[in-house]
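Worksheet for the structure shown next.
Number of protein chains: 2
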Amino acid sequence: MDGRPGQVTGSDDTSDEAWEIPLVALAVDLAVLTVRDGALQVMLVERGIEPYRGMLALPGGFLADTTEDVDRAAARELAEETGLDAAGLHLEQLRTYGEPGRDPRGRVVTVCYVAFVPGLAAPTAGGDARAAAWTPVDAVLRPRAELAFDHKRILADAVERARSKLEYTTLAATFCAPEFTVTELRQVYETVWGQELDARNFHRKVTGVADFLVPTGTRTSGQGGRPAALYRRGPAHLLHPAMLRPPGPKPPAASRTS
Amino acid sequence: MDGRPGQVTGSDDTSDEAWEIPLVALAVDLAVLTVRDGALQVMLVERGIEPYRGMLALPGGFLADTTEDVDRAAARELAEETGLDAAGLHLEQLRTYGEPGRDPRGRVVTVCYVAFVPGLAAPTAGGDARAAAWTPVDAVLRPRAELAFDHKRILADAVERARSKLEYTTLAATFCAPEFTVTELRQVYETVWGQELDARNFHRKVTGVADFLVPTGTRTSGQGGRPAALYRRGPAHLLHPAMLRPPGPKPPAASRTS
DNA sequence: CGGTTTATCGTCAAACCGACGAAAATTGCG
DNA sequence: CGCAATTTTCGTCGGTTTGACGATAAACCG
Chain A
0 MDGRPGQVTG
10 SDDTSDEAWE
20 IPLVALAVDL
30 AVLTVRDGAL
40 QVMLVERGIE
50 PYRGMLALPG
60 GFLADTTEDV
70 DRAAARELAE
80 ETGLDAAGLH
90 LEQLRTYGEP
100 GRDPRGRVVT
110 VCYVAFVPGL
120 AAPTAGGDAR
130 AAAWTPVDAV
140 LRPRAELAFD
150 HKRILADAVE
160 RARSKLEYTT
170 LAATFCAPEF
180 TVTELRQVYE
190 TVWGQELDAR
200 NFHRKVTGVA
210 DFLVPTGTRT
220 SGQGGRPAAL
230 YRRGPAHLLH
240 PAMLRPPGPK
250 PPAASRTS
Chain B
0 MDGRPGQVTG
10 SDDTSDEAWE
20 IPLVALAVDL
30 AVLTVRDGAL
40 QVMLVERGIE
50 PYRGMLALPG
60 GFLADTTEDV
70 DRAAARELAE
80 ETGLDAAGLH
90 LEQLRTYGEP
100 GRDPRGRVVT
110 VCYVAFVPGL
120 AAPTAGGDAR
130 AAAWTPVDAV
140 LRPRAELAFD
150 HKRILADAVE
160 RARSKLEYTT
170 LAATFCAPEF
180 TVTELRQVYE
190 TVWGQELDAR
200 NFHRKVTGVA
210 DFLVPTGTRT
220 SGQGGRPAAL
230 YRRGPAHLLH
240 PAMLRPPGPK
250 PPAASRTS
């Protein structure tokens with residue numbers, strides 16, 4: 000584990016005498032999602048340099064040096080650009096985008112991540128970044144809207160990942176505060192899927208899945224209406240059986256550009 | 000889209016005057032899976048050069064040059080090392096592995112792919128590779144077995160991907176010949192999941208899903224026992240509702256080394 | 001022809017789902 | 001305080017899906 004820069008040698012199976020292993024610039028990009036004000040939102044930054052200066056983009060950046068772990072680079076960029084701490088929130092790899100033409104500066108391959116954060120966290124973020132801000136994904140994925148690079152396509156993939164993960168995992172709860180009501184959880188599903196769900200059936204379903212929700216014993220108050228029981232996330236990660244998205248009117252678009 | 004090697008410039012947000020964007024060697028690795036002789040098998044090659052010379056590894060290699068698309072590099076390596084044609088078989092990105100210490104030659108980040116191929120295809124493969132051969136995954140994932148680099152861990156991830164994709168997609172059929180019986184399809188599920196399924200319930204389920212199987216009208220003969228109807232893959236990609244893995248005895252291990 | 005093997009069809013009870021009625025527990029208003 | 005409005009929670013009902021398993025159909029073998 001020395002990890003010197005590009006000193007990789009040895010002529011793979013291509014037995015040409017003089018063949019250099021090609022090197023590429025490696026970036027990480029983050030699709031940080033949350034549910035706020037009844038909308039699925041994503042953290043975007045305004046680019047301060049060329050290319051795409053002034054345009055909105057996903058937070059991200061290059062590896063700090065040739066020895067930095069890729070997962071760690073993602074956590075670092077998350078902290079630097081959004082002020083969020085990777086420890087304790089869900090951050091998973093989405094996909095790697097490596098089309099040759101995707102960055103005008105040259106060959107840049109980006110490893111992308113999705114993060115799910117509670118709606119309350121980090122109002123806008125500090126970090127060293129130029130203005131990081133929450134933006135509704137609907138506005139960004141609209142046909143005419145644009146993001147820097149191929150970030151619009153990446154965001155579309157991230158949103159689809161979020162939608163389908165809600166079906167068969169308990170990740171919806173990571174969008175909620177540490178203690179939450181069944182109604183708040185349902186609203187997460189409704190805004191991510193863009194579809195209303197029957198409150199009564201939803202309640203029966205989630206309270207019936209073992210280890211999904213653990214009651215705290217306390218209840219809400221002062222909201223108008225019957226107080227709701229408060230729950231915490233349980234140890235379950237998988238939803239069994241899955242909560243299938245109802246078929247029907249498609250959620251508000253997810254155009255593919257790129 | 001000029002794509003010159005490493006001529007990426009511009010001082011990101013790290014405003015140090017002299018900061019060079021770090022470059023890494025980018026590889027692709029393939030977990031090519033099939034079902035043969037009642038076992039889930041993976042295509043492995045014997046390494047002809049250091050490091051890990053003589054050891055078994057997943058087929059793969061570096062980008063051919065700095066302008067090669069990553070997905071295309073995966074298809075090229077598939078053809079070169081296993082003799083299989085990427086067109087017409089299922090090849091999807093699995094994950095990118097970027098730990099600093101994973102390759103003793105220096106910093107190598109690998110974008111990994113999973114491929115599902117029918118059991119009949121490519122007995123052992125030609126290509127320019129040293130001996131590519133099918134190997135049962137059980138033998139490779141056994142506690143004491145070893146593969147080059149972190150390929151054992153990658154294979155474990157690929158197998159888990161295959162197991163879960165069988166639940167909610169129609170991909171099991173890609174392990175079968177163009178025409179197949181319900182029993183052959185069931186055996187795919189049984190060997191990938193490592194547990195027996197009830198033949199009658201399985202039959203009812205798969206024939207009930209719209210657009211999963213299209214009958215050819217023909218039937219098998221001369222197998223001893225009642226002839227079975229032959230089917231082709233239908234246009235459906237998703238299984239709705241999903242075919243959930245029965246809970247119970249865990250499949251024959253998938254140890255994590257890494 | 002009877003026995004074995006394999007594929008397919010049926011049956012039945014339990015679990016699950018969607019649609020919806022109704023009770024419970026609060027706030028707000030007169 | 002009494003009553004309406006609101007919101008949560010519990011139940012009911014019918015249809016679908018599932019798991020366990022019996023029964024039948026269509027080939028083979030001797």
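For the record, the sequence lines run as chains A and B.
With numbering that gives the first Met the number 0 applied, the first sequence corresponds to residues 0 to 257, in that order.
With numbering that gives the first Met the number 0 applied, the second sequence corresponds to residues 0 to 257, in that order.
Each residue gets a CB set at the ideal place from its N, CA and C atoms; glycine is no exception.
Predicted model, so just to flag it, every value in this text is computed and none were measured.
* Asked: beta strand (DSSP E) containing residue 51 of chain B: first to last residue?
  -> Element bounds for residue 51 of chain B: n/a, residue is neither H nor E.
* **Per-residue contacts from residue 66 of chain A into chain B (C-beta, under 8 Å)** => 99 and 106
* **residue 197 of chain A, buried or exposed, once every other Cβ within 10 Å from all chains shown has been counted against 16** => exposed
* Asked: Whose Cβ in chain A lies nearer than 8 Å to the Cβ of residue 95 of chain B?
  -> 69, 92, 95 and 110
* Sort B:59, B:148 and B:164 by Cα distance to residue 82 of chain B and report the nearest one. => B:59
* Against chain B: residues of the stretch 229-246 of chain A by CB proximity under 7 Å -> 240, 241 and 243
* To do: State buried or exposed for residue 152 of chain A, treating a residue as buried only when at least 16 other CB atoms are found within 10 Å of its CB.
  => buried
* residue 174 of chain A lies in the alpha helix (DSSP H); which residues open and close that run? -> No alpha helix (DSSP H) holds residue 174 of chain A; DSSP gives it neither H nor E.
* Counted within 10 angstroms of its Cβ, other Cβ atoms place residue 86 of chain A as buried (16 or more) or exposed -> exposed
* Asked: From A:119, A:112 and A:189, pick the residue whose C-alpha is nearest to that of residue 91 of chain A; which is it?
  -> A:112
* What residue ranges within the stretch 205-246 of chain A form continuous beta strand (DSSP E) runs of no fewer than 3 residues, ordered along the chain? -> 212-218 and 228-232
* Contact list for residue 20 of chain A against chain B, beta-carbon separation under 7 Å -> 24 and 61
* Asked: In whole angstroms, what is the alpha-carbon distance linking residue 145 of chain B and residue 115 of chain B?
  -> 23 Å
* Contacting residues, own chain, Cβ-Cβ under 6 Å from residue 143 of chain A (five flanking each side not counted) -> none
* Extent of the continuous beta strand (DSSP E) run through residue 31 of chain A -> 22-35
* Are there 16 or more other CB atoms within 10 angstroms of the CB of residue 222 of chain B, so buried, or fewer, so exposed? -> exposed
* From the beta carbon of residue 167 of chain A, is the nearest beta carbon of chain B less than 9 Å away? -> yes
* Cβ atoms of residue 57 of chain A and residue 44 of chain A: under 9 Å apart, would you say? -> yes
* Taking residue 134 of chain B as part of the beta strand (DSSP E), name the residues at either end of that continuous run. => 131-135
* Buried versus exposed call for residue 106 of chain B [16 or more other C-beta atoms within 10 Å across all chains shown] -> buried
* Could you tell me the distance, in whole angstroms, from the CA atom of residue 166 of chain B to the CA atom of residue 245 of chain B? => 10 Å
* the stretch 221-238 of chain A in contact with the stretch 225-237 of chain B per 3-pair CB rule at 8 Å -> no
* Could you pull the start and end residues of the beta strand (DSSP E) that residue 114 of chain A belongs to? => 107-115
* **Distance CB(residue 42 of chain A)-CB(residue 132 of chain A) smaller than 9 Å** => yes
* **Limits of the unbroken alpha helix (DSSP H) element including residue 195 of chain A** => Note, residue 195 of chain A: premise wrong, no alpha helix (DSSP H); not H, not E.
* To do: Note down the Cα distance separating residue 174 of chain B from residue 135 of chain B, rounded to an integer number of angstroms.
  => 15 Å
* Enclosing alpha helix (DSSP H) for residue 80 of chain A [first to last residue] -> 69-81
* Asked: When the Cα atoms are used, what is the spatial distance from residue 210 of chain B to residue 239 of chain B?
  -> 11 Å
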